[in-house]
Structures are given as C-alpha cells and as structure tokens.
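Trainee:
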Amino acid sequence: MKDITEIACESYKEDLRSYDNPDYVITYPNYDWKMSYVAYDAMLNELTDYHNLNQPDTDYETFDVNNNEDVIFKCSFFKSVYRIFNVSCFEYNNYIGNKGFIKGKDKIYYVIKKQ
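First residue of the sequence shown: 496, per this note's numbering; consecutive thereafter.
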C-alpha cells in the first residue's frame with residue numbers, strides 16, 4: 496500500500512490550472528495524468544453525490560463552486576482530510592465492503608481513508 500495523495504492531488508491541481516489557461520506550463524515535477532484522474536475520482540466520490548461519471552461538464556460545477564481556483568482550494572482541503580493509497584488487486588479485494596470507499600480504474604486500484 497503506497498500513499499499517493501500528494502502526487503494525485505498536485506497533479507489534479509496542475510490540470511485545473513491548465514484548464515483556465517491554455518498557455519499554462521505544468522511545473523509539478525511528478526505530474527502524472529493518471530494520478531490526476533484518481534484524485535478527481537476520489538474527490539467526486541467523497542465530496543459529491545455524483546457517481547459513475549454522471550456529473551456536470553465542468554469540474555467547478557461538479558464540486559458546486561464558482562471556478563477552478565475554488566476546486567483547487569477544495570482539492571487542498573481534501574488532501575488535508577483524506578489519504579489515497581495505491582493498492583494491489585489483492586489488497587483492493589480485501590478492502591471491499593469493510594475499510595471505506597474503494598474504486599478501481601484502468602487497473603489502478605486505490606483506497607480512500609479519512610485521516
């Protein structure tokens with residue numbers, strides 16, 4: 496089990512900055528678009544009632560705020576309250592139904608735990 500909270504949330508924040516500014520150059524050295532997606536999905540499931548990618552078109556509408564800067568703030572809040580752990584398929588199967596919310600996407604399995 497590996498804590499991926501930092502890389503996931505910081506990657507997602509970089510994506511949010513680039514949505515508002517097409518000239519933005521991603522500066523986070525460990526940026527990973529897959530981890531960005533994991534952070535988004537974790538936040539979606541913990542902070543909203545949306546599931547199965549059935550949400551509004553923009554991130555800020557999804558998280559019920561006014562702009563992507565507000566989503567960045569929510570992401571920082573999320574990071575201070577939750578941890579995201581990358582787990583193996585075996586670990587993932589052991590957590591189902593008994594240790595918090597679990598989601599597997601594109602063979603990236605993760606567990607969300609409240610701190």
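The beta carbon of each residue, even a glycine, is placed where N, CA and C say it ideally should be.
1) Determine the burial state of serine 506: buried for a count of at least 16 other Cβ atoms within 10 Å of its Cβ, exposed for fewer.
2) Can you tell which of Arg512, Tyr532, Thr522 has its C-alpha closest to the C-alpha of isoleucine 499?
3) From Glu501, Lys497, Glu509, Tyr514, pick the residue whose C-alpha is nearest to that of aspartate 552; which is it?
4) If I measure Cβ to Cβ from tyrosine 526 and keep anything under 7 Å in the same chain, skipping five residues before and after, which residues do I get?
5) Less than 8 Å between the CB atoms is what I'm expecting for lysine 569 and valine 560, so what's the real figure, rounded?
6) Classify phenylalanine 585 as buried or exposed, calling it buried when 16 or more other Cβ atoms lie within 10 Å of its own Cβ.
7) Suppose you measure from the CA of lysine 497 to the CA of tyrosine 605; what does that come to, to the nearest Å?
Mentor: In short, the structure shows the following:
1) buried
2) Cα-wise, what sits closest to isoleucine 499 is Tyr532.
3) Tyr514
4) Listed in chain order, the non-local C-beta contacts of tyrosine 526 below 7 Å within the same chain comprise Ser506, Glu509, local neighbours out to five positions each way being set aside.
5) 7 Å
6) exposed
7) 9 Å
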